[in-house]
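Counting from 1, one number per residue, gives the positions in the sequence shown under my numbering.
Read through the structure below, which is laid out as structure tokens, and then see the notes.
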Amino acid sequence: MSRLLLPTLFTISRKQVLAHNLYGRRHKSATSGSASGAKTFCSLEDLSAKKCVPCNAKDLRPMTEQSAQELLQKVAGWDMANDSGTLKLHRSWVVKSFTKGLDFFKRVADVAESEGHHPDLHLVGWNNVKIDIWTHAIGGLTENDFILAAKINELQVEDLLRKKKVAK
């Protein structure tokens, strides 16, 4: 049996991988990833295919607003809010009924549990569902927040949502 030999396209060490941030810019330190020099765990991969990483508060710092704005483009429908100096992701939906809102939360809770990253869930009035996501342990946004938002976006919730009225 013959072997197929492929040329080596490139090699990169673990240290080199760690030295690159979200957009491929090289930092002085191999542990850099934000302006503060702390890890933010960002990459260009599809966010919904990634897994949230455990937060180690001593190694993790909130990402900059600029980095967050760039990742925000990958999670359609989400907004970023500055709540007393803490950046958070926010999104809201209108559901058909109170119980559909609870069903919506159950679907979100299943994803949150599997990721080990938990958003703030709000049922306002009887049919307004609101979600806020940020990394509580560090008081700001990390890539985990965007991963969770992307996974929430992939949930099949159309059966729970109120249909928009079509203008005649």
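All residues carry an ideal CB built from backbone N, CA and C; glycine is no exception.
What you are looking at is a predicted structure, and each value in this text was computed from that prediction instead of being measured.
- Beta bridge pairing from DSSP links K130 with S92 and H122.
- Scanning the region 52–83 from its first residue to its last, the whole beta strand (DSSP E) runs of 3-plus residues come out as 79–83.
- By the beta-carbon neighbour count (other beta carbons within 10 angstroms, threshold 16), V75 is buried.
- Under the Cβ criterion (8 Å, minimum of three pairs), the region 89–99 counts as touching the region 125–132.
- Here G101 carries a helix assignment [DSSP, helix/strand/coil].
- L161 is bridged by DSSP to V95.
- Contact annotation, A150 with S67: C-beta distance approximately 16 Å; criterion of less than 8 Å not satisfied.
- When DSSP reads this structure, T86 sits in a beta bridge with D83.
- When C-beta atoms of the region 152–167 are compared with those of the region 108–118, three or more pairs fall below 8 Å, so the two segments count as touching.
- By a beta-carbon distance limit of 8 Å, L160 contacts D103. Their separation comes to about 6 Å.
- Between the C-alpha atoms of K51 and I147 there is a straight-line separation of about 7 Å.
- As the crow flies, the alpha-carbon of K58 is around 10 Å from that of A137.
- With 16 or more neighbouring CB atoms inside 10 Å of its own CB, T135 falls in the buried class.
- Rounded to whole angstroms, the Cβ separation of L87 and P62 is 7 Å, and the two are in contact under 8 Å.
- In the DSSP annotation of this structure, E154 is not part of any alpha helix (DSSP H), being labelled neither H nor E.
- Distance from the CA atom of G85 to the CA atom of Q69, rounded to whole angstroms, is 15 Å.
- Taking the Cβ atoms as the reference, G101 lies roughly 5 Å from L123, within the contact range of under 8 Å.
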